[in-house]
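Read top to bottom, the protein sequences are chains A and B. Just so it is clear: in the first sequence, position 208 is 208 by this note's numbering, and no numbers are missing. Add 1000 to a position in the second sequence, counting from 1, and you land on the number used in this note's numbering. In this text, a Cβ means the ideal position worked out from N, Cα and C, and glycines have one as well. First the structure, in the form of structure tokens, and then the observations on it.
There are 2 protein chains.
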Amino acid sequence: MRIYDISVTVTPDLPVWPGDPAIILESRSSIAAGDDANVTGMQMGVHTGTHVDAPHHFVDDDPRTVEQMSLKTLTGRTYVLHLPDQVSVISAEILSQVEIPPRTRRLLFRTRNSSYWATEGGRFREDFVAIDASGAQYLVDRGVKLVGVDYLSVAPFDAGKPTHEILLKAGIILVEGLDLSHVDQGRYTLYCLPIKLGGVEGAPARAILIGP
Amino acid sequence: MRIYDISVTVTPDLPVWPGDPAIILESRSSIAAGDDANVTGMQMGVHTGTHVDAPHHFVDDDPRTVEQMSLKTLTGRTYVLHLPDQVSVISAEILSQVEIPPRTRRLLFRTRNSSYWATEGGRFREDFVAIDASGAQYLVDRGVKLVGVDYLSVAPFDAGKPTHEILLKAGIILVEGLDLSHVDQGRYTLYCLPIKLGGVEGAPARAILIGP
């Protein structure tokens, strides 16, 4: 079995959501300067790079934050669906035309977005492929419990609310900022482990797939 | 099989290494204030809470940083060794008296430290149990590839350098800040996934054990 790292590398060059804090990695002590050790401080939004969203991100009266997320949902059998490059919106219509194995509980979408991490030189693209409200409802109705996408939001750039609300109100875990460019369509075992921040609505995560 | 979360929850109350940056979790946008979503920014040292150390932390001319760490070493069969509360230093002498299964490649030490997370109310304790230079050399000689401890450093408070240097020069992955208070001695499968920070000497991680 092989391990596929499907996380993006976080450096100050990585694109962030417009308005989110910049990524800062700053030396706080350094051996070259006479300190005992090299120690770095980090500053960033919790929705930076590969990360998860908890319900409280878009549902203010839902107190569920990231440290309460189910590790049983964050780990386990997963299907990676490869959508052709011409798909620009993941709608109910698109989802009804593709084959998703029965009883899929964790579903990751590989789209043309995955290529942007390498080719866009840190530029944020507003025209990323995302799930619209009809697609979100379709996934809820299918009984999916975890949805992963390969850009910084599950929802289209100018319509964040409906998709997030539909998925998060259904208790679905959202994994955003994946890089699936080197992963074929098929079945894998996912380990998506967000850092255990207390009382906040999301967290950076490392995500890997184990598969053939 | 059960999943054991062996990570500590990161909030501003968590003790940090003296001199390290404070943990700040700060609201950057809020639904209550009229924004579309709740979004938090975070600031902390990369050696905060449950985290990993890469060689560059203490070995300045070793360029290996956290994004290069082997996922094959960070995941797999692991032994949790429970040391009695009277052990205050993990030395070669102590290690030669306990039973570590043959071919153990990943070894986590549960000590009295694990109780400090719950009982010390955020106070940093300088008298935590740690591995001295003789213990570090013993682990290198045994062929261990990953060492985990249940406080913020593998090394005693006033002697950070020898232990870190011996272990990191041997390419051993260090996992620090674990909470093993609810885990019995025995064999498990570890998934320790640090966030993929680029070019720095450590990173916060989520670590889980899968076992009986």
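Smallest Cα separation from residue 57 (chain A): which of A:211, A:202 and A:210? The residue labelled residue 57 (chain A) in the question sits at position 57 within the first sequence. Out of A:211, A:202 and A:210, A:202 has the C-alpha closest to the C-alpha of residue 57 (chain A).
So, is residue 147 (chain A) buried or exposed, given that buried needs 16 or more other C-beta atoms within 10 angstroms? One-based indexing of the first sequence puts residue 147 (chain A) at position 147. Looking at its Cβ environment, which holds 16 or more other Cβ atoms inside 10 Å, residue 147 (chain A) is buried.
For the candidate residues B:1048, B:1002, B:1037 and B:1039, whose alpha-carbon lies nearest to that of residue 1014 (chain B)? As a first step, residue 1014 (chain B) must be located in the second sequence, where it is residue number 14. Out of B:1048, B:1002, B:1037 and B:1039, B:1048 has the C-alpha closest to the C-alpha of residue 1014 (chain B).
Rounded Cβ spacing between residue 1169 (chain B) and residue 1059 (chain B) (contact assumed at less than 8 angstroms): Start at 1 with the first residue of the second sequence, and residue 1169 (chain B) comes out as number 169. Start at 1 with the first residue of the second sequence, and residue 1059 (chain B) comes out as number 59. Correct: roughly 6 angstroms between the Cβ atoms.
Less than 8 angstroms separating the beta-carbons of residue 207 (chain A) and residue 163 (chain A)? Residue numbering aside, residue 207 (chain A) sits at position 207 when the first sequence is read from its first letter. Residue numbering aside, residue 163 (chain A) sits at position 163 when the first sequence is read from its first letter. Not in contact: residue 207 (chain A) and residue 163 (chain A) (Cβ atoms no closer than 8 angstroms).
Closest to residue 1133 (chain B) by CA distance: which of B:1154, B:1101 and B:1181 is it? Against the second sequence, residue 1133 (chain B) aligns to sequence position 133. Among B:1154, B:1101 and B:1181, the Cα nearest to that of residue 1133 (chain B) belongs to B:1154.
Given a cut-off of 8 angstroms, decide if residue 119 (chain A) and residue 150 (chain A) are closer than it, judged by their beta-carbon atoms. Working through the first sequence from its first residue, we reach residue 150 (chain A) at position 150. Working through the first sequence from its first residue, we reach residue 119 (chain A) at position 119. No.
Under 8 angstroms by beta carbon: chain B residues contacting residue 21 (chain A): The residue you call residue 21 (chain A) lines up with position 21 of the first sequence. What residue 21 (chain A) touches in chain B: 1028 and 1041.
Less than 7 angstroms between C-beta atoms, sequence neighbours within five positions excluded: which residues of the same chain meet that for residue 1041 (chain B)? Against the second sequence, residue 1041 (chain B) aligns to sequence position 41. Once the five neighbours on either side are set aside, the close Cβ partners of residue 1041 (chain B) are 1026 and 1028.
In chain A, what lies closer than 7 angstroms to residue 1204 (chain B) by C-beta? Position 204 of the second sequence holds residue 1204 (chain B). The contacting residues are 195.
Those residues which DSSP pairs with residue 1080 (chain B) across a bridge: Residue numbering aside, residue 1080 (chain B) sits at position 80 when the second sequence is read from its first letter. DSSP lists B:1108 and B:1186 as partners of residue 1080 (chain B).
Compare the C-beta of residue 72 (chain A) against all C-beta atoms of chain B and say whether one is closer than 8 angstroms. Taking the first sequence and counting its residues from 1, one reaches residue 72 (chain A) at position 72. For residue 72 (chain A), the answer is yes, since a Cβ of chain B falls inside 8 angstroms of its Cβ.
Along chain A, which residues have their Cβ under 7 angstroms away from the Cβ of residue 1191 (chain B)? To locate residue 1191 (chain B), count along the second sequence from 1; it is residue 191. In chain order: 191 and 193.
Mind checking if residue 52 (chain A) is an interface residue toward chain B, Cβ cutoff 8 angstroms exclusive? Here residue 52 (chain A) refers to the residue found at position 52 of the first sequence. Put simply, the CB of residue 52 (chain A) is far from chain B, with every gap to its CB atoms at 8 angstroms or more.
Quick one: which chain B residues come within Cβ less than 7 angstroms of residue 93 (chain A)? Position 93 of the first sequence, counted from the start, is the residue given in the question as residue 93 (chain A). Going along chain B, no residue has its Cβ under 7 angstroms from residue 93 (chain A), so there is no contact; the nearest lies around 26 angstroms.
Between A:21, A:189, A:195 and A:194, which lies nearest to residue 213 (chain A) when the distance is taken from Cα to Cα? With chain A covering only 1 through 212, there is no way to say anything about residue 213 (chain A).
At the 8 angstroms Cβ level, is residue 114 (chain A) part of the contact set with chain B, yes or no? Here the question's residue 114 (chain A) lines up with position 114 in the first sequence. So, not an interface residue.
For the candidate residues B:1178, B:1139, B:1179 and B:1097, whose alpha-carbon lies nearest to that of residue 1165 (chain B)? Working through the second sequence from its first residue, we reach residue 1165 (chain B) at position 165. Residue 1165 (chain B) has its Cα closest to that of B:1139, out of B:1178, B:1139, B:1179 and B:1097.
Take residue 1054 (chain B) and list the residues in its own chain whose beta-carbon comes closer than 7 angstroms to its own, dropping the five residues that flank it on each side. As a working note, residue 1054 (chain B) is residue 54 in the second sequence. Excluding sequence neighbours, residue 1054 (chain B) sits near 1064, 1065, 1066, 1069, 1201 and 1202.
Run down chain A in chain order and give the residues with a C-beta less than 8 angstroms from the C-beta of residue 1044 (chain B). In the second sequence, the residue the question calls residue 1044 (chain B) occupies position 44. Going along chain A in sequence order, the residues near residue 1044 (chain B) (Cβ under 8 angstroms) are 41 and 42.
Assuming residue 1050 (chain B) and residue 1204 (chain B) are in contact, meaning their beta carbons sit under 8 angstroms apart, how far apart are those beta carbons, in whole angstroms? Within the second sequence, residue 1050 (chain B) is the residue found at index 50, counting from 1. Within the second sequence, residue 1204 (chain B) is the residue found at index 204, counting from 1. So it is a contact: roughly 7 angstroms between Cβ atoms.
Does the beta-carbon of residue 23 (chain A) have 16 or more other beta-carbons within 10 angstroms, so that it is buried, or is it exposed? Residue mapping note: residue 23 (chain A) aligns to position 23 of the first sequence, counting from 1. By the Cβ neighbour-count rule, residue 23 (chain A) is buried, with 16 or more other Cβ atoms within 10 Å of its own.
Sheet register partners of residue 1048 (chain B) (DSSP bridge): Taking the first residue of the second sequence as position 1, residue 1048 (chain B) is located at position 48. Note: residue 1048 (chain B) sits in no beta bridge, so no partner.
Alpha carbon to alpha carbon, how far is residue 90 (chain A) from residue 103 (chain A)? Against the first sequence, residue 90 (chain A) aligns to sequence position 90. Against the first sequence, residue 103 (chain A) aligns to sequence position 103. Whole-angstrom Cα-Cα distance: 20 angstroms.
Determine the direct distance from the alpha carbon of residue 1005 (chain B) to that of residue 1086 (chain B), and round the result to whole angstroms. In the second sequence, counting from the first residue as 1, residue 1086 (chain B) sits at position 86. In the second sequence, counting from the first residue as 1, residue 1005 (chain B) sits at position 5. If I take the Cα positions, the gap works out to 25 angstroms.
Classify residue 268 (chain A) as helix, strand or coil using the three-state DSSP reduction. With chain A running from 1 to 212 in the structure shown, residue 268 (chain A) is simply not present.
Chain A partners of residue 1057 (chain B), CB-CB under 8 angstroms? Position 57 of the second sequence holds residue 1057 (chain B). Those within 8 angstroms of residue 1057 (chain B) in chain A are 37, 38 and 39.
What's the gap between the Cα of residue 122 (chain A) and the Cα of residue 1196 (chain B)? Your numbering for residue 122 (chain A) matches position 122 in the first sequence. Your numbering for residue 1196 (chain B) matches position 196 in the second sequence. C-alpha of residue 122 (chain A) to C-alpha of residue 1196 (chain B): approximately 16 angstroms in a straight line.
Using a C-beta to C-beta distance shorter than 8 angstroms, which residues of chain B count as neighbours of residue 111 (chain A)? Working through the first sequence from its first residue, we reach residue 111 (chain A) at position 111. Those do not exist, as residue 111 (chain A) stays about 21 angstroms from chain B at its closest Cβ, beyond 8 angstroms.
Quickly, what does DSSP pair residue 1002 (chain B) with across the bridge? List them, please. Looking up residue 1002 (chain B) in the second sequence gives position 2. In the DSSP output, where bridge partners are listed per residue, residue 1002 (chain B) has B:1211.
Residue nearest to residue 71 (chain A) in terms of C-alpha spacing, selected from B:1152, B:1181 and B:1007: Translated into the one-based positions of the first sequence, residue 71 (chain A) becomes position 71. Measuring from the Cα of residue 71 (chain A), the nearest candidate turns out to be B:1007.
My assumption, with CB atoms under 8 angstroms, is that residue 1002 (chain B) sits in contact with residue 1212 (chain B). Please give the rounded CB distance. One-based indexing of the second sequence puts residue 1002 (chain B) at position 2. One-based indexing of the second sequence puts residue 1212 (chain B) at position 212. Confirmed, about 7 angstroms.
With 8 angstroms set as the bound, which would you pick, yes or no: does the beta-carbon of residue 153 (chain A) sit closer than that to a beta-carbon of chain D? Within the model displayed, chain D is absent; protein chains A and B are what it includes.
Proximal residues to residue 1199 (chain B) (C-beta, below 6 angstroms), its chain only, five neighbours per side dropped: Position 199 of the second sequence holds residue 1199 (chain B). Cβ within range, chain order: 1065.
Using a Cβ-Cβ cutoff of less than 7 angstroms, which residues in the same chain neighbour residue 1183 (chain B) once the five nearest sequence positions on both sides are dropped? Here residue 1183 (chain B) corresponds to residue number 183 of the second sequence, with the count starting at 1. Within the same chain, residue 1183 (chain B) has close Cβ partners 1004, 1006, 1080, 1110 and 1209.
Sort A:106, A:83 and A:105 by Cα distance to residue 95 (chain A) and report the nearest one. Counted from its first residue, the first sequence places residue 95 (chain A) at position 95. Considering only alpha carbons, the answer is A:83.
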